[in-house]
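Residue numbers (the working numbering), protein chains in the order written: chain G, 893 to 991; chain E, -3 to 275. See below for the structure under consideration.
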Amino acid sequence: MCGAPAQDTDLPTGTDLARDTVLAGRVLADGEPVGGAFVRLLDSSGEFTAEVVSSASGDFRFFAAPGSWTVRALSRIGNGETSVQAGGPGLHHTEVAVG
Amino acid sequence: MSRQDALVTADWAEENLEAPGVVFVEVDEDTSAYDGGHIPGAVKLDWKSDLQDQVIRDFVDRASFEKLLSEKGISNDDAVVLYGGNNNWFAAYAYWYFKLYGHDKVQLLDGGRKKWELDGRTLTTDETSRQQTSYQAKEPDNSIRAFRQETIDAIGNKNLVDVRSPDEFSGKILAPAHLPQEQAQRPGHIPGALNVPWSKAANEDGTFRSDDELGTLYGGAGLDGSKSTIAYCRIGERSSHTWFVLHELLGHSDVKNYDGSWTEYGSLVGVPIELGAKS
Chain G
893 MCGAPAQDTD
903 LPTGTDLARD
913 TVLAGRVLAD
923 GEPVGGAFVR
933 LLDSSGEFTA
943 EVVSSASGDF
953 RFFAAPGSWT
963 VRALSRIGNG
973 ETSVQAGGPG
983 LHHTEVAVG
Chain E
-3 MSRQDALVTA
7 DWAEENLEAP
17 GVVFVEVDED
27 TSAYDGGHIP
37 GAVKLDWKSD
47 LQDQVIRDFV
57 DRASFEKLLS
67 EKGISNDDAV
77 VLYGGNNNWF
87 AAYAYWYFKL
97 YGHDKVQLLD
107 GGRKKWELDG
117 RTLTTDETSR
127 QQTSYQAKEP
137 DNSIRAFRQE
147 TIDAIGNKNL
157 VDVRSPDEFS
167 GKILAPAHLP
177 QEQAQRPGHI
187 PGALNVPWSK
197 AANEDGTFRS
207 DDELGTLYGG
217 AGLDGSKSTI
227 AYCRIGERSS
237 HTWFVLHELL
247 GHSDVKNYDG
257 SWTEYGSLVG
267 VPIELGAKS
């Protein structure tokens, strides 16, 4: 289904990190987690790929493909973005500062 | 149909929260969004449990739709303003669905929940209670809904617009990037389809781009305005967003949403499939 799974840190059943490329991270403002931010995954050309809402603990997660990605977060206190290089399958961590 | 008929702004919505005859309806798959805070006075519809038959893959039938709207306190004369998360995907789906059952006074809140939240506008957890009505739906208007055979027959004849992301279109992945990989048996797209991701029609805050920008977008992608169009995605909700743009905002006359979309087409035996990005 098209709703995003709960954006907590546990990966859903069936996730195989030898096969899947997972981008996971947190939205932070001055080091504090920002929940309810709109987190957008943009591909290497800047094209929108997906969007999720960060959890109360600021966490988000995308299932993607290997490549260069930009993670951009929009929130009431401001926006921010960061780049992620996913060289291959596995869990790729990142943090996005907003403000 | 035009932008003024089909869309309301967040400012208009805020000024009309208590206007008689206006009903705000939040549509999400994840109803915890509504329960955690909704626009004051809004009722909720669950995209899956309210609008989908729970046994066969289809809409709820006319009688069930009548019962649903009656219980929600929506009458035939009400102006319905739909909004939701996911950049209004499910609200656009519901808009198309309301039109299908003949409810003409329906509009989308431009920007949906996202803009409302980013603007810091009021959300409440107060329960909404509306008096039950006796809603009467019409027979489904299938002039805006495409089925599989019509979609196969459209290859080479009509505009087919695949509104999924480039990686889904090319066959690299089978589902959007925030979901585990699953769904159709085969990846790819319908031969000859244009790939215009739904997201190109929206601004970052979830509002729709201007009519000029939208016209340039689809014209530039090669959409032939003199032909009929069928839009599809994976399960029919993102393509409702594009159906809304083409039919309701740009006023194209014959536009259908193929809600079977890739989860149906990509599992059919023997139908043609194309792989790879558009050259």
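Cβ coordinates follow ideal geometry from the N, Cα and C atoms, glycine included.
Counting C-beta neighbours from all protein chains within 10 Å, is the total for residue i 16 or more, i.e. buried, or is it exposed?
i                 : result
His985 of chain G : exposed
Arg234 of chain E : buried
Asp24 of chain E  : buried
Ile169 of chain E : buried
Asp100 of chain E : exposed
Ser967 of chain G : buried
Glu943 of chain G : buried
Ala38 of chain E  : buried
Gly81 of chain E  : buried
Asp54 of chain E  : exposed
Asp19 of chain E  : The question names Asp, but residue 19 of chain E in the sequence shown is Val. Val19 of chain E should be labelled buried.
Gly911 of chain G : Note on residue identity: the sequence assigns Arg, not Gly, to residue 911 of chain G. By the neighbour-count rule (16 or more Cβ atoms within 10 Å), Arg911 of chain G is not buried but exposed.
Leu271 of chain E : exposed
Pro16 of chain E  : exposed
Any beta carbon from chain G within less than 7 Å of residue i's own beta carbon?
i                 : result
Asp163 of chain E : yes
Pro36 of chain E  : no
Ser195 of chain E : yes
Lys154 of chain E : no
Ile169 of chain E : yes
Pro16 of chain E  : no
Pro183 of chain E : no
Measuring CA to CA, which of the options is closest to residue i?
i                 : options                                : result
Val988 of chain G : G:Val963, G:Gly906, G:Leu903, G:Phe955 : G:Val963
Phe940 of chain G : G:Pro925, G:Trp961, G:Thr905           : G:Trp961
Gln0 of chain E   : E:Ser263, E:Ser130, E:Val241, E:Ser224 : E:Val241
Gly218 of chain E : E:Val157, E:Asn72, E:Tyr79, E:Lys252   : E:Val157
Tyr214 of chain E : E:Ile231, E:Gln50, E:Trp239            : E:Trp239
Ala921 of chain G : G:Pro981, G:Gly950, G:Phe954, G:Phe955 : G:Gly950
Phe955 of chain G : G:Ser937, G:Leu933, G:Thr974           : G:Leu933
Pro136 of chain E : E:Ser45, E:Thr259, E:Arg58             : E:Arg58
Does residue i come within less than 7 Å of chain E when only Cβ atoms are used?
i                 : result
Thr941 of chain G : yes
Ala910 of chain G : no
Ala989 of chain G : no
Ala957 of chain G : yes
Gly895 of chain G : With a pLDDT of only 43 at Gly895 of chain G, under the threshold of 50, the placement of this residue in the model should not be trusted, and no figure is reported.
3 or more residues per run - each beta strand (DSSP E) lying fully within the region 950 to 982 of chain G: Runs of the beta strand (DSSP E) spanning 3 or more residues and lying entirely within the region 950 to 982 of chain G occur at 951 to 956, 959 to 967, 970 to 978, in chain order.
For the region 147 to 216 of chain E, list the alpha helix (DSSP H) runs that are entirely contained and at least 4 residues long, ordered along the chain. DSSP runs (the alpha helix (DSSP H)) wholly in the region 147 to 216 of chain E: 162 to 166, 207 to 216.
Chain G contacts from the region 95 to 116 of chain E (Cβ-Cβ distance under 8 Å): Residues of the region 95 to 116 of chain E with a Cβ closer than 8 Å to any Cβ of chain G, in chain order: Lys110, Glu113, Leu114, Gly116.
Residues of the region 961 to 983 of chain G in Cβ contact with chain E at a cutoff of 7 Å, in chain order, please. Along the region 961 to 983 of chain G, the positions whose C-beta sits under 7 Å from a C-beta of chain E are Leu966, Arg968, read in chain order.
Select from the region 920 to 951 of chain G all residues with a C-beta closer than 8 Å to any C-beta belonging to chain E, and list them in chain order. For the region 920 to 951 of chain G, the set of residues with a beta-carbon nearer than 8 Å to any beta-carbon of chain E comprises Gly928, Phe930, Arg932, Leu933, Asp935, Glu939, Phe940, Thr941, Ala942, Glu943, Val944, Val945, in chain order.
Runs of beta strand (DSSP E) wholly within the region 22 to 103 of chain E (minimum 3 residues, chain order): With a minimum length of 3 residues, the continuous beta strand (DSSP E) runs that stay inside the region 22 to 103 of chain E are 39 to 42, 75 to 79.
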